[in-house]
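Heads up, the thing below is written out as structure tokens.
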Amino acid sequence: PSEDRFVDPDKRFHWRDGEAVFGFGEYRGMSLADVASRYPAYLDWILNKDFSQETKRIVRDAKRGVFPARS
Numbered sequence: 005p006s007e008d009r010f011v012d013p014d015k016r017f018h019w020r021d022g023e024a025v026f027g028f029g030e031y032r033g034m035s036l037a038d039v040a041s042r043y044p045a046y047l048d049w050i051l052n053k054d055f056s057q058e059t060k061r062i063v064r065d066a067k068r069g070v071f072p073a074r075s
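Below you can see the structure in the form of structure tokens.
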């Protein structure tokens, strides 16, 4: 698979139809935007666990309503 399908270097999120989608965990396959609006406690959980700073940055941004954009 092509590396450009991933949003982040850790490959925690991938692109689907221009949106960042979870590639791991309980909400695998759901868009980051959908999880942020429906399950914000999951984003808090990620921030309190041992994820990379890049993953946490993406999640912190999502909590503020800012989502990755495909360049």
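Using the working numbering, you'd call the opening residue of the sequence shown number 5 and step up by one each time.
Glycine included, each C-beta is placed from N, C-alpha and C at the ideal position.
Who are the near neighbours of Phe-26 in its chain, counting only those whose CB is closer than 7 angstroms to its CB and skipping five residues on each side?
Closer than 7 angstroms at the Cβ level, and outside the excluded window around Phe-26, lie Phe-17, Arg-32, Gly-33, Met-34, Leu-36 and Val-39.
So, are the CB atoms of Leu-51 and Arg-42 less than 8 angstroms apart?
Their beta carbons are not under 8 angstroms apart, which means Leu-51 does not touch Arg-42 by this criterion.
Quick one: what does DSSP say Ser-41 is sitting in, helix, strand or coil?
Helix, per DSSP.
Note down the Cα distance separating Lys-60 from Asp-21, rounded to an integer number of angstroms.
Distance between the alpha carbons of Lys-60 and Asp-21: 23 angstroms.
By the DSSP assignment, the alpha helix (DSSP H) with Val-102 in it spans what residues?
The structure shown does not extend to residue 102, since the chain spans only 5 to 75, so no value can be given for it.
By the DSSP assignment, the beta strand (DSSP E) with Phe-17 in it spans what residues?
Where Phe-17 is concerned, the enclosing beta strand (DSSP E) stretches over 17 to 20.
In whole angstroms, what is the alpha-carbon distance linking Lys-15 and Ala-24?
So the alpha carbons of these two residues sit roughly 11 angstroms apart.
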